[in-house]
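Please read the structure below before turning to the comments.
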Amino acid sequence: MPASPLTSPDFRWLVSGIAVSGLGSAMTPVALAFAVLDLGGSASQLGLVIAAFALADVVTTLYGGVLGDRLPRQLLMQGSATATCVSQAICATVLVTDHGSILFLALIGVVNGCLGALAQPASNSMTRFTVAEAQLPRAVVVRSLASQTSYAIGFALAGIVVATAGPGWAIAVDALTYAVAAGCFAMIRVAAPTTAGGERLLAELADGAREVLRHTWLWLLIGQALLYHLCFGGAQGVLGPIVVGDTWGEEAWGGAMAALMAGFVIGGLVALRWRPRHLLRSGVVLLSLTAAFPLAMALADQLWLVLAGAAVHGIGLQLFSVSWDLAIQENVAEDKLSRVYAFDLVGSFVCRPLGLALTGPVAGVVGTDRWLVVVAGVMGVSSLAALAAPSVRGLRRRPELDPAGAAGAAGAAPAASM
């Protein structure tokens with residue numbers, strides 16, 4: 168069995184930075200939602216504030232993908248974390264001193280969206296460059312598990328901090344975690360990308376797009392994710408805090424987010440042991456379980472049912488996400504990896520701002536509970552529909568990285584467990 172990826176110092180710094188920044192970042196969506204509501208904002212205004220962040224993120228991501236294949240990836244991550252620390256500190260100060268406004272929150276969201284997008288493709292692709300090839304499957308799981316564990320803790324703390332100290336202090340914690348993350352990323356020592364960088368931006372983007380289109384499973388599931396996030400972004404970001412918060416209180420919505428993250432952690436622990444040969448076949452089936460969360464928000468009359476729905480959502484999404492990330496890491500050309508991750512992010516989230524902006528008005532017309540049921544149906548059916556594609560059903564792990572395959576080739580040795 169390959170050595171643990173945590174034996175690599177670069178991977179340890181990468182995971183540490185991602186985990187500590189995730190702790191604070193998990194608190195910000197909860198804090199932002201209640202900051203808008205405390206300022207007298209409506210569901211539609213909350214949707215627009217979140218949409219401003221999402222739109223800025225989408226618009227900047229493709230450029231971030233090009234930079235990630237041109238420049239030292241750890242430098243991009245360090246710079247983004249440092250700048251986000253400053254912007255979140257400003258936001259926290261404004262809210263704590265009662266000088267905030269809905270317009271200000273929207274503008275700071277645009278800034279943070281751009282900063283995060285510049286580094287996210289580089290961050291996603293970094294795993295492959297911090298571990299040996301044989302360690303990659305487990306490194307993908309460990310990174311995801313560390314991230315989701317920190318998010319679970321952050322969401323659990325979010326409702327408590329917001330309810331007791333106010334949204335501004337929760338965002339102040341986020342600023343502090345980004346400062347620590349910047350220090351972690353500065354310690355990573357990996358080779359810079361070998362892409363020449365002499366081509367025009369559009370030429371490099373076109374090259375990345377051709378790599379995406381070369382893999383049917385890749386562009387097909389990016390399209391499925393587009394539909395998923397179009398519907399679910401508003402259900403979680405806009406309707407969730409209102410439906411759950413109005414019924415059971417602000418702490419309950421923080422608890423629901425913590426249950427969602429706990430589901431991610433459970434899924435990650437399962438993924439450490441369960442390594443299906445077909446990367447995406449079981450993943451898309453499990454992805455359909457994400458319908459449980461909006462369905463529970465719509466129909467449940469007890470909080471524990473909402474928490475259970477959130478946890479089931481997290482388990483299904485995490486198990487799919489691990490397989491998805493490993494499929495990209497194993498099958499995409501190294502010099503195009505950041506750009507492919509950029510297209511993945513943009514394709515998945517390009518319609519999310521629209522969904523966020525329209526969720527409030529649409530739910531106002533058709534009814535909140537009815538719209539949440541529609542969202543659940545779209546999420547479940549679109550996930551299962553992906554099984555119709557042979558490339559989704561048939562994509563396999565690399566034989567040399569599959570313990571079962573390696574054991575079979577050796578002839579006698581049993582498969583090593585992770």
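So the mapping is simple: this note's numbering equals the position in the sequence shown, first residue as 1, plus 167.
Just so it is clear, CB atoms sit at the ideal spot from N, CA and C, and this is done for glycine as well.
The segment 548–567 makes no contact with the segment 421–433: fewer than 3 CB pairs, one atom from each, lie closer than 8 Å.
Assignment of beta-bridge partners to His445 by DSSP yields Arg563. Between the alpha carbons of Ala419 and Gly189 lies a gap of roughly 20 Å.
According to the DSSP assignment, Thr228 belongs to the alpha helix (DSSP H) that extends over Ala210 to Gly235. Leu272 places its beta carbon less than 7 Å from that of Val216. Note on Glu300: under 16 other CB atoms within 10 angstroms of its CB, so exposed under the neighbour-count rule. If you ignore the 5 residues before and after Gly191, its C-beta comes within less than 6 Å of the C-beta of Val340, Asp341 and Thr344, all in its own chain and listed in chain order. The segment 255–269 and the segment 201–220 touch, with no fewer than 3 CB-CB distances between them shorter than 8 Å. At the C-beta level, Leu562 and Trp384 come within 7 Å of one another. Two segments are said to touch when three or more pairs of C-beta atoms, one from each, lie closer than 8 Å; by this definition the segment 502–513 does not touch the segment 174–187. Cβ neighbours of Ala306 within its own chain (closer than 7 Å, five residues either side excluded): Pro172, Phe178, Thr294 and Val298. Cβ-Cβ distances below 6 Å link Ala284 to Asp224, Thr227, Thr228 and Gly231 in the same chain, with the five nearest sequence neighbours on each side left out; the list follows chain order. Taking a cut-off of 8 Å on C-beta distances, the segment 375–390 does not touch the segment 316–333, as fewer than three cross pairs fall below it.
For Glu378, the enclosing alpha helix (DSSP H) stretches over residues Leu368 to Leu380. In this structure, Ala463 sits near Val473, with a CB-CB distance shorter than 7 Å. Residue environment: Pro557 is assigned as exposed (fewer than 16 neighbouring CB atoms within 10 Å of its CB, all protein chains considered). Contact check between the segment 251–264 and the segment 375–382: fewer than three CB pairs, one atom from each, fall below 8 Å, which does not count as touching. With a threshold of 16 other beta carbon atoms within 10 Å, Gln485 meets it and is buried. Relative to the Cα of Ala429, the nearest Cα in the group His480, Thr251, Met546 and Ala198 belongs to His480. In the structure shown, Leu238 adopts coil according to DSSP, grouped into three states.
Contact between the segment 371–380 and the segment 516–528 is absent: fewer than 3 CB-CB pairs across the two stretches fall below 8 Å.
Going by beta carbons, Thr251 and Leu204 fall outside the 7 Å limit. Within the same chain, Cβ atoms closer than 8 Å to the Cβ of Ile482 are found at Gly430, Phe431, Ile433, Gly434, Val437, Leu453 and Leu456, the five residues on either side in sequence being excluded.
In its chain, beyond the 5 residues on either side, Tyr230 and Val233 have a beta carbon closer than 8 Å to the beta carbon of Leu368. The beta carbons of Val559 and Leu439 sit no closer together than 7 Å. The way I'd put it, the segment 305–319 doesn't touch the segment 404–413; fewer than three beta-carbon pairs between them come closer than 8 Å.
Using a Cβ distance threshold of 7 Å, Ala198 and Pro288 do not count as a contacting pair.
The closest CA to that of His396, considering only Ala193, Val277 and Met546, is found on Met546.
Per the coordinates, the alpha-carbon of Leu243 lies some 15 Å from the alpha-carbon of Gly280. Taking 7 Å as the cut-off, the beta carbon of Pro196 is found no closer than this to the beta carbon of Ala359. For Val545, the enclosing alpha helix (DSSP H) starts and ends at Thr535 to Ala552. Ranked by Cα distance from Ile320, the first of Leu470, Val489, Met194 and Gly527 is Met194.
Glu501: not part of any alpha helix (DSSP H); DSSP gives it neither H nor E.
Pairing Ser317 with Ala425, the inter-Cα distance amounts to about 10 Å. DSSP places Asp413 in the uninterrupted alpha helix (DSSP H) bounded by Gly407 to Trp415. At a Cβ-Cβ threshold of 7 Å, Thr526 and Gly401 count as neighbours.
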